[in-house]
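J.: In this note's numbering, the protein residues as written are 7 to 266.
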Ligand code: T3D
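#1: By alpha-carbon positions, which one of 91, 153 and 188 ends up nearest to residue 111?
#2: Can you tell me where the beta strand (DSSP E) holding residue 61 begins and where it ends?
#3: Can you tell which of 51, 140, 70 and 38 has the C-alpha that lies nearest to the C-alpha of residue 79?
#4: Let me confirm a value: residue 113 is counted as buried when at least 16 other C-beta atoms fall within 10 Å, else exposed. Which label applies?
#5: As a quick exercise: from 88, 132, 133 and 244, pick the residue whose alpha carbon is nearest that of residue 121.
#6: With distances taken from CA atoms, which of 183, 22 and 42 is nearest residue 94?
#7: Would you mind listing the beta strand (DSSP E) stretches within the stretch 99 to 172 that are 3+ residues and don't spill past its ends, in chain order?
#8: Can you find a heavy atom of the ligand T3D that lies under 7 angstroms from the Cβ of residue 73?
#9: Residue ranges of each alpha helix (DSSP H) run of no fewer than 4 residues wholly in the stretch 175 to 225, ordered along the chain?
#10: Tell me the rounded alpha-carbon separation between residue 23 and residue 195.
#11: Taking residue 136 and residue 116 to be in contact with their CB atoms under 8 angstroms, please state how far apart those CB atoms are, rounded to whole angstroms.
#12: What is the DSSP secondary structure of residue 72, reduced to helix, strand or coil?
#13: Using 10 angstroms around the beta-carbon of residue 162, count the other beta-carbons present and answer buried if the total reaches 16, otherwise exposed.
#14: Are the beta-carbon atoms belonging to residue 211 and residue 175 less than 8 angstroms from one another?
#15: Whether or not the stretch 176 to 185 and the stretch 207 to 221 are in contact is what I'm after, with contact meaning three or more pairs of Cβ atoms, one per stretch, closer than 8 angstroms; do they touch?
#16: Any heavy atom of the ligand T3D inside 7 angstroms of the beta-carbon of residue 34?
#17: Compute the minimum distance between the beta carbon of residue 92 and the heavy atoms of the ligand T3D, and state whether it is under 7 angstroms.
#18: Going residue by residue through the stretch 13 to 61, where are the continuous alpha helix (DSSP H) segments of at least 4 residues, counting only ones entirely within it?
#19: Could you tell me whether any non-hydrogen atom of the ligand T3D is closer than 7 angstroms to the CB of residue 136?
#20: Return yes when the C-beta of residue 159 is under 7 angstroms from any heavy atom of the ligand T3D, and no when it is not.
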């Protein structure tokens, strides 16, 4: 078990699950410069301490994340902020060598919505919502929204969401295939922790290779993808978890995966 002390997030790792909770509830967990630094530090721990086999991201209070804190914004240097904060954040989350579950506990707006959508399994509380709020303040969708949205919901819906900036309910997001599932508000925390614990007990290397394959498939031809599957299957077959999975199947017992 690992715990760390932060101000605008809380972070701990238990039973293979690194839990990162955005924790500025009075401001709907909007991102400040200080919060970005803390998230970077926490994600660095996830990548290096060897304790986590699944990352769970959520928010404290009635919101998940309202995107950039508009009171903590250098309006003259937005490209620097993207370069330093949002772009590495999205790349780290999508490239992490383990599954990333997002428990969307309330409204997810702007870069907050796009952080959620960059995660591997997005589970929303029934009362949660998603807002591409950027156009309301004269900005373009960032944090990979223009990459993620068309892939998740297609161009017409991506255009509608971003040009209008309306709130999309969790239920509608589910119907559009934008997220994995919707659960009742009071079940979200327990449900997503159980999901994260389950994922943390699975063959981590194979899961990491699987998410990489699926994400890369958008840019590959069929031939390139088949070649990548061949290479990644070769890597998966060299893990202890592969040996264990086959041995457990043949012995008719549950596997005990270690992530090796
Ligand atoms: O380079 C760069 O840095 C650019 C990067 C940009 C990335 C982005 O994310 S841009 C988009 C930024 N986000 C927004 O524009 C969303 C702004 N917020 C809203 O539209 C609404 O708050 C919500 C739709 C998210 C929720 O509405 P509602 O009615 O449920 O809550 P509220 O009353 O508006 O907000 C509650 C409090 O949170 C309130 O504070 P108060 O009055 O109680 O002291 C509100 O000001 C504060 N808050 C909400 N969002 C932000 C915020 N404070 C600062 N920044 C926010 N983004």
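For glycine and all other residues, C-beta sits at the position ideal for the given N, C-alpha and C.
T.: Considering the structure as presented:
#1: 188
#2: First-last of the beta strand (DSSP E) with residue 61: 60 to 65.
#3: 38
#4: buried
#5: 88
#6: Of the listed residues, the one whose Cα sits closest to residue 94 is 42.
#7: 106 to 110, 113 to 115, 127 to 131 and 135 to 137
#8: Relative to the ligand T3D, residue 73 has its C-beta within less than 7 angstroms of a heavy atom.
#9: 176 to 181, 194 to 206 and 210 to 223
#10: 13 angstroms
#11: Not quite, the Cβ-Cβ distance comes to about 10 angstroms (not below 8 angstroms), so this is no contact.
#12: coil
#13: Per the 10 Å Cβ criterion, exposed.
#14: Not a contact, by the Cβ cut-off of 8 angstroms.
#15: no
#16: yes
#17: yes
#18: 39 to 54
#19: no
#20: no
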